[in-house]
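In what follows, a structure is listed as structure tokens, so that the remarks can point back to it.
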Amino acid sequence: MLKVNGVHKSYQSGTKKLDVLKGIDLAIEPGTFVALVGPSGAGKSTLLHIIGGLDAPDRGSVLFEEKDLYRLKDSELARLRSEDIGFVFQFYHLLSEFTVLENVLMPGLIRGREKADGVRQRALELLERVGLGERTGHFPAQLSGGEKQRCALVRALINNPRLLLCDEPTGNLDSATSDEIIALIQRIHRENKMTILIVTHNQDVAKRAHNAYQMRDGILIR
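As structure tokens, then:
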């Protein structure tokens, strides 16, 4: 499903050039659950953002089902991100002025491929599955950290993506809540045969994946 070939990425910090990714090669088969593990600053999140079409590499390519992401037109890349890739981030990125249901509905309504009633029904079903059926009218400020992350997870799933990218989804949660979120991601993987790539510094999370890769200093260690 996914091939990363010779990806390099650097950033300018004042007069210094910071090399973040130093020639990453990675292949992910459809339906697998893969973990990227490593300390802060290893380049994990940068690689995830490049894989998801959020940040272009300096050199190298990312192929999603044989489509080179960074040779697509902007409109084609935006459509692929909307329809085929779901994102879950450490800091939730829920919109505070909207309810749980409204936050979840937004990507589906923006996509516009399905009638609003159909998107709403799917959102309600997903929220029920993750234990938020009674919280649809609540605002993010009224939710616990675990509830916010479950809401963010449902938002990522609303368009039924084929690839789910999770960037430290348990980084702000206590250990018990972290276990609940990872168990939920595993269940989604099993039930939907979805390809999942999760970035984490937690070795316990990595042990639950089909394949785990270590990253250190911008290099992927197999």
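Add 575 to the 1-based position in the sequence shown for the working numbering, that's all there is to it. Quick reminder that beta carbons are idealized off the backbone N, C-alpha and C, glycines included.
Pro-632 beta carbon less than 8 Å from that of His-583: yes
Minimum Cβ-Cβ distance from Lys-597 to chain C less than 8 Å: Absent here is chain C; the protein component of the structure consists of one chain.
Where Gly-661 falls, given that 16 or more other Cβ within 10 Å makes a residue buried: buried
Separation of Leu-795 from Glu-641, as counted between CA atoms: 22 Å
Own chain residues within Cβ distance below 6 Å of Ile-773, not counting five before or after: Ala-610 and Cys-741
Straight-line gap, Glu-651 to Ser-657 (C-alpha atoms, nearest Å): 10 Å
Cα-Cα separation between Ala-731 and Arg-762, rounded to whole angstroms: 15 Å
Given Thr-621 as reference, the closest of Gly-598, Ala-716 and Glu-672 once Cα atoms are compared: Gly-598
One or two residues paired with Ala-787 in a DSSP bridge: Ala-610
Residue ranges of each beta strand (DSSP E) within the stretch 716-789, 3 or longer: 738-742 and 770-775
Buried or exposed by the 16-neighbour rule on C-beta atoms within 10 Å, applied to Gly-816: Residue coverage of the chain in this structure runs from 576 to 797, which leaves residue 816 outside it and unanswerable.
Three-way DSSP call (helix, strand, coil) for Leu-593 in this model: strand
Selected residue, minimal CA-CA separation from Val-705, among Ala-787, Glu-722, Gly-618 and Glu-677: Glu-722
Rounded distance between the beta-carbons of Ile-625 and Leu-577, thought under 8 Å: Incorrect: roughly 11 Å between the Cβ atoms, too far for contact.
Presumed contact (8 Å Cβ cut-off) between Pro-682 and Ile-756, rounded CB distance: Rounded, the Cβ-Cβ distance is 20 Å, inconsistent with contact.
Pair within 8 Å by beta-carbon distance, Val-612 and His-776: yes
Whole-number beta carbon distance between Leu-623 and Val-663, since they are thought to touch under 8 Å: At roughly 10 Å, the Cβ-Cβ gap does not stay under 8 Å, so Val-663 and Leu-623 are not in contact.
Inside the stretch 642-683 only - beta strand (DSSP E) runs reaching at least 3 residues: 660-663
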